[in-house]
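The structure under discussion appears below in the form of structure tokens.
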Amino acid sequence: MPPRATTGIRRRKRRKLHKNGNVLINASNSTVATKPKLARRGKLAQLTNMPLDILYEIFGHLGSYDLLKLSRMAKMLRRVLLNPSSVSVWRNARLNTGLPDCPADMTEPQWANLAFSPHCHFCLTGGARIVEWRFRLRACTRCAKDHLTETLPAFEIRGVPADRLLPTRQAQKRYKLVFANRDRLKLCQELEARTNNQEELSDFLAKQKSYVADLLKHAVACEKWAKTQNQERSMELDRLRLGRKTAIIEKLRALGWGLDVDSMRDPDSLADHKLVKVPQRLTDRIWSNIRVPIIEFMEKMRRKRIEREQIEIIMNRKATALNVLRNYKNKLLPDDKVMPAPVDFCNMEPIKAMINQPLDISINEESFDPIVPQMAELFSLWRKGIHYDLFIRAKSTNRLPFSLFEYDDLDDIYGEQSSESETDEDEDDSSTEAEVMSKLQLATTIFCCRECGLNSLISYFDSPSSRPLFFPEILQHPCLTRQCDFGFPTYAVFDPSKALRDSPRTRTSWNAHALILNRRLKNMAERIVLSSGLDPKVATAADLDAQNLYYACLDCIDISMISVADGMGMTPVFMWREAVRHQAELHDEVTDWHIVDEDEFNENRVQPLENEDDGGDNPLRSLWCCTLCRDTPDEQDPMCLSAIFHHLSSRHEVTDGVLNEDYYKSSYAASKYLTHPPYKMLVSFRSLPPQYF
Numbered sequence: 001m002p003p004r005a006t007t008g009i010r011r012r013k014r015r016k017l018h019k020n021g022n023v024l025i026n027a028s029n030s031t032v033a034t035k036p037k038l039a040r041r042g043k044l045a046q047l048t049n050m051p052l053d054i055l056y057e058i059f060g061h062l063g064s065y066d067l068l069k070l071s072r073m074a075k076m077l078r079r080v081l082l083n084p085s086s087v088s089v090w091r092n093a094r095l096n097t098g099l100p101d102c103p104a105d106m107t108e109p110q111w112a113n114l115a116f117s118p119h120c121h122f123c124l125t126g127g128a129r130i131v132e133w134r135f136r137l138r139a140c141t142r143c144a145k146d147h148l149t150e151t152l153p154a155f156e157i158r159g160v161p162a163d164r165l166l167p168t169r170q171a172q173k174r175y176k177l178v179f180a181n182r183d184r185l186k187l188c189q190e191l192e193a194r195t196n197n198q199e200e201l202s203d204f205l206a207k208q209k210s211y212v213a214d215l216l217k218h219a220v221a222c223e224k225w226a227k228t229q230n231q232e233r234s235m236e237l238d239r240l241r242l243g244r245k246t247a248i249i250e251k252l253r254a255l256g257w258g259l260d261v262d263s264m265r266d267p268d269s270l271a272d273h274k275l276v277k278v279p280q281r282l283t284d285r286i287w288s289n290i291r292v293p294i295i296e297f298m299e300k301m302r303r304k305r306i307e308r309e310q311i312e313i314i315m316n317r318k319a320t321a322l323n324v325l326r327n328y329k330n331k332l333l334p335d336d337k338v339m340p341a342p343v344d345f346c347n348m349e350p351i352k353a354m355i356n357q358p359l360d361i362s363i364n365e366e367s368f369d370p371i372v373p374q375m376a377e378l379f380s381l382w383r384k385g386i387h388y389d390l391f392i393r394a395k396s397t398n399r400l401p402f403s404l405f406e407y408d409d410l411d412d413i414y415g416e417q418s419s420e421s422e423t424d425e426d427e428d429d430s431s432t433e434a435e436v437m438s439k440l441q442l443a444t445t446i447f448c449c450r451e452c453g454l455n456s457l458i459s460y461f462d463s464p465s466s467r468p469l470f471f472p473e474i475l476q477h478p479c480l481t482r483q484c485d486f487g488f489p490t491y492a493v494f495d496p497s498k499a500l501r502d503s504p505r506t507r508t509s510w511n512a513h514a515l516i517l518n519r520r521l522k523n524m525a526e527r528i529v530l531s532s533g534l535d536p537k538v539a540t541a542a543d544l545d546a547q548n549l550y551y552a553c554l555d556c557i558d559i560s561m562i563s564v565a566d567g568m569g570m571t572p573v574f575m576w577r578e579a580v581r582h583q584a585e586l587h588d589e590v591t592d593w594h595i596v597d598e599d600e601f602n603e604n605r606v607q608p609l610e611n612e613d614d615g616g617d618n619p620l621r622s623l624w625c626c627t628l629c630r631d632t633p634d635e636q637d638p639m640c641l642s643a644i645f646h647h648l649s650s651r652h653e654v655t656d657g658v659l660n661e662d663y664y665k666s667s668y669a670a671s672k673y674l675t676h677p678p679y680k681m682l683v684s685f686r687s688l689p690p691q692y693f
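Here you go:
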């Protein structure tokens, strides 16, 4: 036979087998073709070949959810488990979990499916964790809107409240009930079928009420069981997290991070780290995977620990500096002139330099001995600074509408007002110290406080503490060195120079931002100064004090106490500071004063009642402060005499307190009270203006 012609015929290339024996390579296009993988036989592959008695013995030690999974794993297991003869297996599994008894209208597999299988009964979506025990279903959020209905409790069916014929539960909204649409539809069908037979309808309603009552009772037991299961599950997860955290801490201690673990502070927490709070046992493989990010977290914690230790050293040095300040102030008693508060003291250059010494240097009270001789000069320079700040504040003749003691007409309130930057034309910022002091010491330089004296901004009535502030007592006004701080974070740095325990305020540097120069009070003071025979432009508060004059308010004469026969009338009398306050509180700027000297006052005065404040160092007045708590975080407001003795005894175990050693009199607190008791005096009709006759 002649050979076959091969011209024009392409030779088919032979497929080559991959070297692993499982993959074939097509030599024509170099594409890889894989063999279909055979099913792997696991450790439970022989389970289907076991005898039934052995299977039942194994199933008897499982839970209901385990049986559900097995019934869906293989057809043979499904036939065995869903066979009616296997009901005892399901019952034993239910008893292992403590689930309440299966309802009569459900099978054991159905009951296990409801209790443990987390899928929606309508759309079969997974993750439906909430079981509606009263409706015996699970529904996802989307299906619940379509298959559950909210209604008012007044909803009735055939004259019977719906909650007695239908299983219901309380809705999230108050006074509303929820029922399943399928239950209502089934009930309506049953009622419709018995509409023509009243006796049968009555029997059905009675049975339905009993059925619903039993169902709700059973559902309550199931809800209680579910709550217990959730709590136990939560406790189990917590135990896993705690075990994982403990294991990680042991690993970190072995690596030398023990001090940093023990030094963590809020809000940092190792337990809250996303790799630590996983409810999973720590294995060597897991630790090798999370070791690097955990070490990075601990490096950050180490930096924070070192920073906290540095801050703690600085704060301890501040506390030592404040002990030096307190001892220095107490040695100057009874001289209670204004001196720097803790914040200003710690900000002074020599003190700040000592506090900021290298951290390895030990600082104690003896370390400040070279600075103590300089403190008098430092305090003097500081006083000049606050005098100038107050002077600048006085030059800015600003005023607030509706401010303290100001009830002017609308033209005056909304008239010409100057901003905080405005100053008098004849004054500039180059004023000398003498000019500053002469301005501040004027009797007409009267301030009010925005913080404690402007309650009229939110209330019609003024606060008892809203009073005119005069120089030099104003320098010690608490609002100048205090500010409100309602944060109180638990992890904030405790600064002894700023902290005030049991107070919503903290200390701050001295500033006059809370003060305003009150023009209305200034005008009143000018009239009083003129009535005293002095020039308001040059008269100081000390000049008026030296006159020792008394001012009787003629607008407050008690008509019932006027004696026509004697030609005398009774009226209250004040010193000049109290006269300004009295006029501002009760009268307008035009007030008539009857001015008398001390002799005439003593001749015509009327003694006050015995239970009235007798002025001076009355024990009932809050004048006294503790020297041991001075400039510390435990510093208290001025107290009365009995309170200060109780404080010394209970807080410091000092039984016999000594004035100017254990306690002292606050000059600012004393300035808030009347300089004499609230006397009244008799005024002759001959001294009254014509309008009083």
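Heads up, the sequence shown is in full-length UniProt numbering, so the first residue is 1 and it goes up one at a time.
Positions of the beta carbon are idealized from the N, C-alpha and C atoms, including for glycine.
Looking at the structure shown, is residue i part of a helix, part of a strand, or coil, going by DSSP?
i	result
Thr540	strand
Ala552	strand
Lys251	helix
Val89	helix
His387	helix
Gln170	strand
Arg79	helix
Trp287	helix
Glu416	Any reading at Glu416 must be qualified, since the residue scores a pLDDT of 36, below 50, and its modelled position is unreliable; no value is offered.
Gly159	coil
Trp382	helix
residue 708	Past the edges of the chain, shown from 1 to 693, lies residue 708, and the structure says nothing about it.
Ala499	coil
Arg164	helix
Gly258	helix
Ile351	helix
Met73	coil
Val596	strand
Val590	coil
Val493	coil
residue 694	Here the chain covers residues 1 to 693 and nothing more, so residue 694 does not appear.
Arg507	strand
Pro144	Inspection of the sequence shows that residue 144 is occupied by Ala rather than by Pro. If DSSP states are grouped into helix, strand and coil, Ala144 belongs with the helices.
Leu332	coil
Going by C-alpha distance, which of the options is nearest residue i?
i	options	result
Leu166	Tyr211, Leu201, Glu132 and Gly159	Tyr211
Thr571	Ile557, Trp510 and Ala584	Ile557
Asn323	Lys665, Leu359, Ile361 and Glu366	Glu366
Leu554	Met264, Asp495, Leu682 and Ala93	Leu682
Thr445	Ile516, Ser532 and Ser503	Ile516
Arg520	Leu359, Ser509, His587 and Asn548	His587
Gly258	Ser288, Cys102 and Ile248	Ile248
Cys120	Asp66, Pro109, Arg136 and Ala525	Arg136
Arg94	Gln483, Ala112 and Glu585	Ala112
Glu653	Asn660, Leu628 and Ala271	Leu628
Ala546	Asp597, Ser288, Ala512 and Gln229	Asp597
Ala341	Thr97, Cys479, Arg244 and Glu433	Cys479
Glu433	Ile58, Lys318 and Arg383	Arg383
Glu635	Thr540, Leu500, Asp535 and Phe645	Leu500
Thr320	Thr632, Asn196, Asn96 and Ala669	Thr632
Asp266	Ala669, Asn660, Tyr550 and Val493	Val493
Cys123	Cys143, Asn511 and Asp502	Cys143
Inspect the beta-carbon positions of residue i and residue j and report whether they are closer than 8 Å.
i	j	result
Leu648	Asp662	yes
Ser531	Trp624	no
Leu99	Arg138	no
Leu475	Val580	no
Val178	Thr168	yes
His387	Val436	yes
Pro496	Met315	yes
For chain D, is any of its Cβ atoms less than 8 Å away from the one on residue i?
i	result
His652	Annotation note: the requested chain D is absent from the structure, which comprises a single protein chain.
Report task. Starting from the N-terminal side, write out each stretch of the alpha helix (DSSP H) that is 4 residues or longer and does not extend beyond the stretch 628-683. Result -> 641-652 and 667-671
Query raised in the report: Between the stretch 63-77 and the stretch 187-200, are three or more C-beta pairs nearer than 8 Å?
Result: Between the stretch 63-77 and the stretch 187-200 there are fewer than three inter-stretch CB-CB distances shorter than 8 Å, so the stretches are not counted as touching.
Query - the stretch 324-339 touching the stretch 664-674, judged by at least three CB pairs closer than 8 Å - result: Under the Cβ criterion (8 Å, minimum of three pairs), the stretch 324-339 counts as touching the stretch 664-674.
**Report entry** contact_flag[the stretch 117-134, the stretch 150-158] where n(CB pairs < 8 Å) is 3 or more
**Finding:** No, the stretch 117-134 does not touch the stretch 150-158.
Query raised in the report: Unbroken beta strand (DSSP E) runs of length 3 or more, entirely within the stretch 194-259: which are they?
Result: none
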